[in-house]
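The working numbering numbers the first residue of the sequence shown as 52 and each following residue consecutively.
What follows is a short report on a single structure.
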Amino acid sequence: MGLLAILKGEQPGLFTTLLNYKNAGQFGEFATEYALKNNNLKGEYIVLKNAYVPLKNKTTEIDLLMIHEKGIFVFESKNYSGYIFGEADELNWVQKMSNGNKHIFYNPIKQNNTHIMALADYLSLPNRAFTSYIIFSERCTLKKVPKSTNKIVILSINKMLRTLRKTLKKRDIIYTKEQIKQFEKQLKPLTKVSKDIKKQHIDNIKKRYESKVCPFCGKKLIKRNGKYGEFIGCTGYPECKYTRKIDK
Ligand SMILES: [Zn+2]
C-alpha cells in the first residue's frame, strides 16, 4: 500500500483495513470499494456491492458495481499473490506461486462477462452499456494477461483509479441523475437477498465442482480448506497436485 494513496483516501490505511475486512478473500473487494467511494471520482455515481443477479434459474454474484453518469462498470476482484498467466479466450488461467505450486482459476474475463450478461438482461440494456474491470491485488504480478480494451480492463488495483479517471474523462454523460436513481432502485433488492438465496448460490457452485473429475488424473474432486480459505483439490493428492480456486 502506498502512503500517498492512503493519505489521498484512495487506499485504506492499515487500521481501516483491519477494522473492515474479515478474510483475505474479501480484501480485494474491500480495497476496490474503498477506492471507488471517498469522492475519488468526478461525476454522479453510486456503488453497489454483492448483488445476486438472476441468471436462468440460478444467481450470479457481482462483487462491485458502479453506475456512473458515463456508464456502468462491473468489477471482479482477485486477491491473489504469485504470478498470473492467462489468455483472453482460454477457459482457465493459472496462478504460479514462488514455491512452484500452480493453482488454476476460471478465466475472470469470462466470469465477469457472465455477470454482465445477467445484468444486461435484468436491466434490459445492451451488453455494450457495460465495462468490465478485472482488478488484481498488488500482491501478484500480472505476468502475461490480455491487453485491456475499451470494454475489458485488466489491471492491478493501484492503477485502477488512474485508469478509471482517464476513461471517464474521454466519455460523455449518458445517464441523468434520475436514471441512476432508477437503476439503483432496480438493483438494490439484489443486494439484500435472504440467507437462503445466498446458501443456494454457494450450494450450486459446490455442486458444479463436485460433479466434475480431475482434469489431470480423472479422480474425483473434493472441497478442501487451506490457509486462504476453501479450494477444490483432487482426491488423488498427494500424487496428484491439481487444485483450483472456487469462483463465485
Ligand atoms: Zn487429480
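All C-beta atoms in this analysis are idealised placements derived from N, C-alpha and C, irrespective of residue type, glycine included.
Since this is a predicted model, take the numbers as computed values, not measurements.
* Asked: Hey, would you say the C-beta of Cys-268 is under 6 Å away from at least one heavy atom of ligand 1?
  -> Position 217 of the sequence shown holds residue 268. Cys-268: yes, Cβ under 6 Å from ligand 1.
* At which residue ranges does the region 160–242 contain complete beta strand (DSSP E) runs of 3 or more residues, listed in the order of the chain? -> DSSP runs (the beta strand (DSSP E)) wholly in the region 160–242: 181–187, 191–195 and 203–207.
* Taking all protein chains shown into account, decide if Leu-142 is buried (16 or more other Cβ within 10 angstroms of its Cβ) or exposed. => Numbered from 1 along the sequence shown, position 91 holds the residue referred to as residue 142. Leu-142 is exposed by the Cβ-count criterion.
* **Opening and closing residue of the alpha helix (DSSP H) in which Lys-246 lies** => Position 195 of the sequence shown, counting from 1, holds the residue named residue 246. Per DSSP, Lys-246 is one residue of the alpha helix (DSSP H) stretching across 246–261.
* Status (buried if at least 16 other CB within 10 Å, exposed otherwise) for Met-211 -> In the sequence shown, the residue the question calls residue 211 occupies position 160. Buried is the call here.
* **Lys-282: first and last residue of the uninterrupted beta strand (DSSP E) it sits in** => By one-based count along the sequence shown, residue 282 stands at place 231. Checking the displayed sequence, the identity of residue 282 turns out to be Phe instead of Lys. 280–285 is the span of the beta strand (DSSP E), which, as asked, contains Phe-282.
* Where Phe-126 falls: helix, strand or coil (DSSP) -> Indexing the sequence shown from 1 puts residue 126 at position 75. Three-state DSSP puts Phe-126 in a strand.
* On a CA-only basis, which of Ala-82, Ile-97, Gly-137 and Ser-175 is nearest Ser-128? Give me that one, please. => Translated into positions along the sequence shown, residue 128 becomes position 77. When Ala-82, Ile-97, Gly-137 and Ser-175 are compared, the shortest CA-CA separation from Ser-128 is found for Ala-82.
* Going along the chain, which residues of its own chain have a beta-carbon closer than 8 Å to the beta-carbon of Thr-214, five neighbours each way excluded? -> Locating residue 214 in the sequence shown gives position 163, where the first residue counts as 1. Ser-199, Val-204 and Leu-206, listed in sequence order.
* To do: With a threshold of 16 other CB atoms inside 10 Å of the CB of Arg-216, please say whether the residue is buried or exposed.
  => On the sequence shown, position 165 is the one that residue 216 refers to. The residue in question, Arg-216, is exposed, as its Cβ has fewer than 16 Cβ neighbours within 10 Å.
* If you draw a straight line from the alpha carbon of Tyr-103 to that of Ile-155, how long is it in whole angstroms? -> Working through the sequence shown from its first residue, we reach residue 103 at position 52. Working through the sequence shown from its first residue, we reach residue 155 at position 104. Distance between the alpha carbons of Tyr-103 and Ile-155: 25 Å.
* Asked: Secondary structure at Tyr-85, three-state DSSP: helix, strand or coil?
  -> Residue mapping note: residue 85 aligns to position 34 of the sequence shown, counting from 1. Helix.
* Which residue's Cα is closest to the Cα of Ala-383: Ile-185, Ser-132 and Ile-97? -> What is shown of the chain runs 52 to 299, which leaves residue 383 out entirely.
* Asked: With which residues is Pro-105 paired in a DSSP beta bridge?
  -> Translated into the one-based positions of the sequence shown, residue 105 becomes position 54. Its beta-bridge partners are Thr-110.
* To do: Using 6 Å as the cut-off, classify the Cβ of Gly-287 as near or not near the heavy atoms of ligand 1, replying yes or no.
  => Taking the sequence shown and counting its residues from 1, one reaches residue 287 at position 236. Distances taken from the Cβ of Gly-287 to the heavy atoms of ligand 1 include one shorter than 6 Å.
* Asked: Is the beta carbon of Leu-99 sitting closer than 7 Å to the one on Leu-87?
  -> By 1-based counting over the sequence shown, the position of residue 99 is 48. By 1-based counting over the sequence shown, the position of residue 87 is 36. No.
* Could you work out which residue in Thr-110, Gly-122 and Val-264 is closest to Gly-94 when comparing CA atoms only? => Translated into positions along the sequence shown, residue 94 becomes position 43. Per the Cα distances, Gly-122.
* To do: Note the first and the last residue of the continuous beta strand (DSSP E) segment covering Lys-147.
  => Translated into positions along the sequence shown, residue 147 becomes position 96. For Lys-147, the enclosing beta strand (DSSP E) has its first and last residue at 143–147.
* To do: Decide if the region 265–281 is in contact with the region 238–254; the criterion is three or more beta carbon pairs, one per stretch, under 8 Å apart.
  => No: fewer than three Cβ pairs fall under 8 Å.
* What do you reckon, are the CB atoms on Ile-297 and Glu-281 nearer than 7 Å? -> Locating residue 297 in the sequence shown gives position 246, where the first residue counts as 1. Locating residue 281 in the sequence shown gives position 230, where the first residue counts as 1. When the beta-carbon positions are compared, Ile-297 and Glu-281 come within less than 7 Å of each other.
* **Inter-residue CB distance, Ile-118 and Phe-234 (contact presumed, cutoff 8 Å)** => As a working note, residue 118 is residue 67 in the sequence shown. As a working note, residue 234 is residue 183 in the sequence shown. The beta-carbon distance between Ile-118 and Phe-234, rounded to whole angstroms, is 5 Å. This is short enough to meet the 8 Å contact definition.
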